[in-house]
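In this text, residue positions in the sequence shown follow my numbering: the first is 142, and each later residue adds one.
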Amino acid sequence: MALFGFGKPAASAERQIPQHIAVIMDGNGRWAKKRGLPRPAGHAAGAETFRTIATYCKEIGVRYFTVYALSTENWKRPQEEVDALLDLFRKYLREAAETMAARGVAVRVLGDLTPLPEDIKRLVQEVSGIADTLGAEAATASLCINYGGRDEIKNAVRCIAKRVKDGELALSEITEDTVSSALYTAHLPDPDLVIRPSGEIRLSNFLLWQSAYAEYYFTPVLWPDFSAKDLDAAIEDYGRRSRRFGGVK
Ligand code: IPE
Ligand code: IPE
Ligand code: MG
142 MALFGFGKPA ASAERQIPQH IAVIMDGNGR WAKKRGLPRP AGHAAGAETF
192 RTIATYCKEI GVRYFTVYAL STENWKRPQE EVDALLDLFR KYLREAAETM
242 AARGVAVRVL GDLTPLPEDI KRLVQEVSGI ADTLGAEAAT ASLCINYGGR
292 DEIKNAVRCI AKRVKDGELA LSEITEDTVS SALYTAHLPD PDLVIRPSGE
342 IRLSNFLLWQ SAYAEYYFTP VLWPDFSAKD LDAAIEDYGR RSRRFGGVK
């Protein structure tokens, strides 16, 4: 097993592979600073890590991989840094449009896309159109762009309130599933494992509703340095947890 340094990772039958892994891709700026590079260089390196880890997830049988790429709060960063992030989204969405069918990975974008530049909105549409054509055997990689957990819940509340106001839904019919179905993640199962690199121990507004019973894994490794081995370590740790969901085991 990779954990013991003997090459190939264990097959999913031998270790417990989470169905859905979500990552808060953090630490790009510090990675760049350590090297005397501008922050955008850290984002470019972090984007490469996304590619590597998404590919590895597919290889080991993780069905859903979701990453936090831009929060609703990240717009307050210097314009130059925001522009560099938008350029990376352009690059990776174009690549996704060209390669996702061959790779068997449906790329999805989650978040409020309203403030994004028109060309990125078109790319997102193109990518989701292709994702819709992929069969059930495809894995899903979701990019959370202009995503905020509170913003998402607020939008869901608005949408549900409108349905009630329009007489389509009775108050008594509102269940937890009604809320889940009104979130950006309506088509995804809840994350089993949420990983945050970079040493910060907080959620920073990521998947607040969906992670109610997720297992969390925090590591000081900065995202651009995060490797398949680090993912193996997180999965190994996950395998040792006892998930009780409020019950007794
Ligand atoms: C995460 O890395 C990427 C985004 C938030 C877009 P950071 O840019 O937050 O890196 P640090 O936290 O400053 O090191
Ligand atoms: C969270 O990281 C957002 C993303 C990784 C996209 P931040 O760097 O924005 O979070 P804080 O500011 O440290 O909480
Ligand atoms: Mg950060």
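Even for Gly, the Cβ is constructed at its ideal location relative to N, Cα and C.
{"Asked": "With distances taken Cα to Cα, identify the nearest neighbour of LEU136 among PHE206, GLY168, ASP273, VAL298.", "Found": "This structure cannot settle anything about residue 136, because the visible part of the chain is limited to 142 through 390."}
{"Asked": "What do you reckon, are the CB atoms on PHE367 and THR196 nearer than 7 Å?", "Found": "no"}
{"Asked": "Beta strand (DSSP E) containing SER321: first to last residue?", "Found": "Where SER321 is concerned, there is no enclosing beta strand (DSSP E), although the alpha helix (DSSP H) it sits in stretches over 317-322."}
{"Asked": "Just the Cα atoms here: how many angstroms apart are LYS199 and ASP331?", "Found": "18 Å"}
{"Asked": "Which residues, in chain order, sit with a beta-carbon under 7 Å away from any heavy atom of ligand 3?", "Found": "ASP167, GLY168, GLY170, SER339, GLU341"}
{"Asked": "Taking only the alpha-carbon atoms, compute the straight-line gap between GLU236 and GLU341 and give it to the nearest angstrom.", "Found": "30 Å"}
{"Asked": "If you reduce the DSSP assignment to three classes, tell me which class VAL268 lands in.", "Found": "helix"}
{"Asked": "Let me make sure I understand the geometry here. Which of ARG192, ARG218, GLU259, PRO219 has the alpha-carbon closest to that of VAL208?", "Found": "ARG192"}
{"Asked": "Please indicate yes or no: does the CB of ASN215 lie closer than 6 Å to some heavy atom of ligand 1?", "Found": "yes"}
{"Asked": "Would VAL362 pass as an interface residue toward chain C - the criterion being a Cβ-Cβ separation below 7 Å?", "Found": "Going by chain labels, chain C is absent from the structure shown, which holds only one protein chain."}
{"Asked": "Just mark SER212 as buried or exposed, buried being the case when its beta carbon has 16 or more other beta carbons within 10 Å.", "Found": "buried"}
{"Asked": "Per DSSP, what kind of secondary structure is PHE206 in: helix, strand or coil?", "Found": "strand"}
{"Asked": "Give me the residue from ASN287, LEU257, LEU329, VAL248 with the minimum Cα distance to ALA93.", "Found": "The displayed coordinates of the chain run from 142 to 390. Any statement about residue 93 would go beyond what the structure contains."}
{"Asked": "So if DSSP puts GLU356 in a beta bridge, which residue, or which two residues, is it bridged to?", "Found": "LEU334"}
{"Asked": "Please determine whether the Cβ atom of SER345 lies at a distance below 6 Å from any heavy atom of ligand 2.", "Found": "yes"}
{"Asked": "For GLY146, which residues in the same chain have their Cβ closer than 7 Å to its Cβ, ignoring the five residues on either side in sequence?", "Found": "Its pLDDT being 40, under 50, GLY146 is placed unreliably in this model, and the value from its coordinates should be taken loosely. Around GLY146: no qualifying Cβ."}
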